[in-house]
Every structure is written in structure tokens, then in C-alpha cells.
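Heads up: the sequence shown runs through residues 42 to 170, numbered per our numbering.
Think of the CB as a built atom: it goes at the ideal place given N, C-alpha and C, for glycine as much as any other residue.
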Amino acid sequence: MAGSLFDRLTRGEAGLRMDEDESIRRHLLRMLTTRQGAVQALPDYGLPDLNDLHLSRAEVIRRCCLAIEKCIAGYEPRLHDAKVGYVHLEEDQFVMAFRIEAMRVDSEGRQIPWRWSVVMDGDQVKETA
42 MAGSLFDRLT
52 RGEAGLRMDE
62 DESIRRHLLR
72 MLTTRQGAVQ
82 ALPDYGLPDL
92 NDLHLSRAEV
102 IRRCCLAIEK
112 CIAGYEPRLH
122 DAKVGYVHLE
132 EDQFVMAFRI
142 EAMRVDSEGR
152 QIPWRWSVVM
162 DGDQVKETA
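Take a look at the structure:
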């Protein structure tokens, strides 16, 4: 048996329990690589398709930041007050990087600042070092 959704979200590749931050990062990676409409029961889960040729790069970046914030607010309850910012990369104009900053409540009820950066290249999303 695969276990509960919580068990699957909190276990790594080897089936070992992962820490809360790793669990959040894995969930966000899955969410950010999912296109809206791909999950029948949750039609707004994931990011919208932003491959509209009529949008400027600045507008695509703005909409992507807002879409990531909306996804986190709707589907990652462990994070609160998420803010997403664009990070300029010199090497490739087709790759976009984003910095996510939010608050996470730890097991003792304390608010902990949480930060993570990702690079989006088409349909691929990778965490940055």
C-alpha cells in the first residue's frame, strides 16, 4: 500500500521521512510543473499556460509571479504570505528564475521565514543552488 497522501508527501525517494522544508519544496516542484486543467478534480491546480505570443516578457513575468503566489496560497497550506519575485539571469532569455519568500509555522507554532529559488525552462522547473 502506498500510504496516506501525507506519508507520500513527506517521504523521499528512498522512502525515508524527509524534513518539512524538503516536503514543501517537492510539493512546489510538482505543482509548478503541472499545468492548470491537468488535474480534473482541481482545475486551477498548477500554473496557467503563459505561452501567449501577444504578451510582453515583462507581462509574462508579472503573471507568472502572481500565478505562483496564487498556487501557494491555494494549495500549500504550510506556507503563508508568499511573495514571489523575478530573478534576472544573464545566460538565457528563455529561462526565468523566481525567488519565493514566505512564512512557515514550525512544530512549536513559531513563524519561520522560508525562502526558495527556482528556475523555469519551458515545462521544466529546477531548484537553484
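- Beta bridge pairing from DSSP links Val-166 with Met-161.
- The C-alpha of Tyr-86 lies about 7 Å from the C-alpha of Arg-76.
- Annotation: His-95 is outside any alpha helix (DSSP H) and is labelled neither H nor E by DSSP.
- Around the beta carbon of Leu-96, fewer than 16 other beta carbons sit within 10 angstroms, so the residue counts as exposed.
- Ranking His-129, Pro-118, Val-101 by CA distance to the CA of Ser-64 puts Pro-118 first.
- Looking at the DSSP output, Arg-76 bridges to Leu-88.
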